[in-house]
Amino acid sequence: MHEQLRERLFPGDRVAAYVVLVVLGLVTVLPLLYMIVLALQSDGEVQSGDPVLWPDHLQWQNFSRLFDAAPFGRFFVNSFVMAGAITVSHLIFDPLVGYVFAKLDFPGKRIAFVAVLSTLMVPFFVRMLPIYSIFASLGWIDSYQGLIVPFLMDAYGIFLMRQFIRPLPDELIEAARVDGAGEFRIYLRVILPQCRPALAVLGLFTFVFQWNEFLWPLIATSRTEMRTLPIGLTLFNQEYFTQWNLTAAGALILFVPTAIFFVITQKFLVEGIALSGLK
Amino acid sequence: MIRRRQALTAWLFLTPAVLFFVLLFFLPIGNQLLTGLYDSDGASFAGLGNFSRAFRDPEVLHSFLITLAYAAGTLVVGTAVGLGLAVILNQSLRGRTVFRSVLLIPYLTSVSIIGLLWRNILDPQVGILNRLLEAAGLPGQTWLSTHPLATIVGITVWSGAGYTMVLFLAGLQGIPGLYYEAARIDGAGPWRRFFAITLPLLAPTTVFVSIIGLISTLQQFALPYIVTGGGPGNATSLYAHRLFLVAFNDNDFGYASALSLLLLIVVLILSLVQLRIGDRAHA
């Protein structure tokens with residue numbers, strides 16, 4: 001029914017639509033595929049200036065050369081610890097706070113909610129400098145807590161969880177209260193299990209966005225061993241600027257979570273972004 | 001009794017969030033307000049000196065102007081591309097879901113990958129784009145030295161088109177299909193229907209998309225930092241990059257705080273405009 005009423009801009013002429021889509025699809029995907037070609041070229045090929053659409057010999061050893069040239073294993077671990085810890089923290093706190101705003105009545109609720117939402121408007125640049133100064137005096141520069149703490153929860157996740165929990169029937173909570181369940185137990189046993197789909201979306205998006213985060217890890221680290229993958233790769237490229245094959249190999253490693261994320265979320269990606277997005 | 005218990009529970013559950021938002025949002029912002037009033041050494045009171053300095057600082061003014069140009073370019077081109085894609089992909093086409101998802105890949109890709117990859121592709125010596133252009137009989141370009149800002153706009157549009165498309169798709173879902181049926185019965189062609197129905201009814205979405213885009217482009221830092229390092233000269237040294245340099249190259253935190261507060265003011269105004277328009281759209 002809905003499908004029939006949908007606007008058809010090119011009646012009878014789907015060809016034009018497909019041509020546009022295929023061209024733009026290729027423009028989107030080809031540069032990323034080219035990254036693979038680049039990563040497997042020899043030094044000679046990558047520096048020759050002749051177009052190489054497929055390397056003569058696939059240089060798989062570029063990956064081991066990359067790990068020999070800079071501590072990419074360490075960069076990977078650092079990124080994983082940062083993104084992983086932030087994701088776990090979001091999964092703990094965002095639904096808890098979202099539940100409070102969705103289902104509990106208490107004095108100060110409106111002000112508290114507006115205060116949380118108002119943080120959406122604050123550019124990271126505004127809180128970055130004071131947080132940097134405080135962390136520097138705490139000795140938290142070049143530390144995991146320094147990378148993680150500024151992002152422990154955020155208003156996007158809280159709002160997403162509140163919107164998801166609001167339509168859940170109040171009777172579930174009332175019934176548990178009558179049964180004498182404690183408030184935290186109600187949240188943990190009654191509400192949280194209902195939230196699985198929303199938690200999956202929240203967890204996946206949080207991880208990928210934090211994995212890709214650039215500005216804060218650039219500032220909050222200075223020692224090579226504490227760099228995250230996006231920063232480590234960018235600085236590596238500045239040093240080894242002629243060896244684009246190695247940079248591309250590093251970029252492929254950095255791309256792995258995005259690829260996994262994409263495979264998992266393919267079916268609900270568009271809805272997921274429309275739901276959680278605004279970023 | 002139940003109400004008191006609920007209030008206690010609520011604030012107990014909120015305690016970590018209160019601590020987090022106070023310590024990592026509200027106190028830092030308050031601190032910025034104070035720091036912005038002091039000299040670079042943090043010792044002597046400068047009043048609004050840091051703010052008036054910003055309006056006289058040619059480098060800050062330059063960065064502000066090119067940020068506006070960057071934002072305007074990204075907004076116009078990005079909105080047109082995103083809207084076009086959304087209109088096409090709102091139809092019942094085979095493979096719609098795949099196209100939608102594929103167009104979103106750059107949005108989920110690290111800015112380091114995007115920046116480095118395009119720097120290689122656009123490189124006049126070793127990049128593949130000029131080789132392809134030459135093979136097609138077209139002249140090669142020195143993209144990042146001749147048209148640096150326009151090139152950065154192009155990369156931004158490339159990486160953001162899918163996201164803009166999703167926002168427009170959500171807006172398109174809200175237009176009742178009956179309007180199109182009626183227009184079709186009245187004999188309106190596809191372009192007529194687009195300009196008479198789709199575009200006017202998407203106006204709130206377009207404003208929303210534009211303001212979101214403005215807010216994010218005004219804060220753009222990473223892409224030019226990676227692709228051009230702000231150069232050549234300071235041709236792509238956007239406002240956020242200038243702020244970064246003032247803070248971490250010149251170590252002038254007082255002045256940098258003032259610059260960040262100016263950014264906050266602009267973003268707050270844009271956000272409030274957006275809220276007002278959103279309220280009116282829902283009313």
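In the order they appear, the protein sequences are chains A and B. Numbering follows full-length UniProt numbering, in which position 5 of the first sequence is assigned residue number 5; successive positions increment by one, without gaps. Numbering follows full-length UniProt numbering, in which position 65 of the second sequence is assigned residue number 65; successive positions increment by one, without gaps. Note that CB positions come from ideal geometry on N, CA and C, so glycine has one too. Note that this is a predicted model, so its numbers are computed, not measured.
With respect to the alpha helix (DSSP H) encompassing residue i, which residues constitute its N-terminal and C-terminal limits?
| i | result |
| --- | --- |
| B:THR206 | 203–218 |
| A:GLN238 | 229–239 |
| B:ARG193 | 190–193 |
| A:LYS267 | Where A:LYS267 is concerned, there is no enclosing alpha helix (DSSP H), given that its DSSP letter is neither H nor E. |
| B:ALA170 | 148–173 |
| A:MET82 | 72–103 |
| A:MET35 | 14–39 |
| B:THR74 | 58–89 |
| A:GLU225 | That residue, A:GLU225, is in no alpha helix (DSSP H); it is neither H nor E in DSSP. |
| B:ARG100 | 96–108 |
| A:ASP68 | 61–69 |
Starting from the beta carbon of residue i, find every residue of chain B whose beta carbon is closer than 7 Å, and list them in chain order.
| i | result |
| --- | --- |
| A:THR28 | VAL102, LEU103, ILE105 and PRO106 |
| A:PRO123 | GLN219, LEU263, LEU264 and VAL267 |
| A:GLN266 | SER101 |
| A:GLU183 | THR9 |
| A:HIS224 | Sequence check: residue 224 of chain A is Thr here, not His. Going along chain B, no residue has its Cβ under 7 Å from A:THR224, so there is no contact; the nearest lies around 16 Å. |
| A:TRP244 | ASN120 and VAL126 |
Going by DSSP, name the residue or residues bridged to residue i.
| i | result |
| --- | --- |
| A:TYR156 | According to DSSP, which records beta bridges pairwise, A:TYR156 is partnered with nothing at all. |
| A:PHE135 | Answer is none; A:PHE135 lacks a bridge partner. |
| B:PHE45 | B:TYR38 |
Run through chain B and tell me which residues come within less than 8 Å of residue i, C-beta to C-beta.
| i | result |
| --- | --- |
| A:ARG189 | By Cβ distance, chain B contributes nothing, its closest Cβ being about 15 Å from A:ARG189, past 8 Å. |
| A:ILE131 | LEU24 and PRO28 |
| A:GLY146 | Going along chain B, no residue has its Cβ under 8 Å from A:GLY146, so there is no contact; the nearest lies around 12 Å. |
| A:TYR34 | LEU117, ILE121 and ILE128 |
Hey, does residue i have any beta-carbon neighbour from chain B nearer than 8 Å?
| i | result |
| --- | --- |
| A:TRP140 | no |
| A:LEU215 | yes |
| A:THR206 | no |
| A:GLU239 | no |
| A:LEU96 | yes |
| A:PHE262 | yes |
| A:PHE164 | no |
| A:LEU5 | With a pLDDT of 46 at A:LEU5, under the threshold of 50, the modelled position of this residue cannot be trusted, and the question is left open. |
| A:THR87 | no |
| A:PRO55 | no |
| A:VAL81 | no |
| A:PHE10 | Summary for A:PHE10: the model assigns pLDDT 47, below 50, so the residue's position carries little reliability; its value from the coordinates is reported in the next sentence. Yes, because at least one Cβ of chain B sits closer than 8 Å to the Cβ of A:PHE10. |
| A:ALA251 | yes |
| A:ALA176 | no |
| A:GLY277 | Residue confidence for A:GLY277 is low, a pLDDT of 49 falling below 50, so the modelled location carries little weight; the figure read from the coordinates is stated next. Yes, contact with chain B. |
| A:ALA115 | yes |
| A:ALA69 | no |
Examine chain C for any beta-carbon lying closer than 8 Å to the beta-carbon of residue i, and answer yes or no.
| i | result |
| --- | --- |
| A:ILE273 | Included in the structure are the protein chains A and B, with no chain C among them. |
Closer than 7 Å by beta-carbon distance: list the chain A residues that pair up with residue i, in chain order.
| i | result |
| --- | --- |
| B:TRP11 | PHE106 |
| B:ASN31 | PRO130 |
| B:LEU245 | None at all; the shortest Cβ gap to chain A is about 12 Å. |
| B:ALA222 | PHE214 and LEU215 |
| B:LEU201 | Result: empty, since nearest Cβ-Cβ is about 11 Å, beyond 7 Å. |
| B:SER257 | LEU129 |
| B:ILE226 | THR234 |
Report the neighbours of residue i on chain B: residues whose CB is nearer than 9 Å to its CB, in chain order.
| i | result |
| --- | --- |
| A:ALA17 | ILE88, LEU89, GLN91 and LEU93 |
| A:PHE255 | THR109, SER110 and ILE113 |
| A:GLN47 | GLN125 and VAL126 |
| A:GLY25 | VAL98, PHE99, VAL102 and LEU103 |
| A:PRO31 | PRO106, ILE114, LEU117, TRP118, ILE121 and TRP158 |
| A:LEU192 | Result: empty, since nearest Cβ-Cβ is about 13 Å, beyond 9 Å. |
| A:THR221 | Under the 9 Å cutoff, chain B gives no residues; its nearest Cβ is about 13 Å from A:THR221. |
Does residue i get closer than 8 Å to chain A when you measure Cβ to Cβ?
| i | result |
| --- | --- |
| B:VAL153 | no |
| B:ARG56 | no |
| B:VAL166 | yes |
| B:GLN6 | yes |
| B:LEU85 | yes |
| B:ARG3 | yes |
| B:ILE185 | no |
| B:LEU132 | yes |
Which residues in chain A have a C-beta closer than 9 Å to the C-beta of residue i? List them in chain order.
| i | result |
| --- | --- |
| B:LEU144 | The contacting residues do not exist; B:LEU144 stays about 14 Å from chain A at best. |
| B:THR35 | LEU129, PRO130 and SER133 |
| B:PRO16 | ILE92, PHE93, LEU96, VAL97, LEU152 and MET153 |
Quick one: which chain A residues come within Cβ less than 8 Å of residue i?
| i | result |
| --- | --- |
| B:SER271 | LEU120 and MET121 |
| B:ALA240 | PHE125 |
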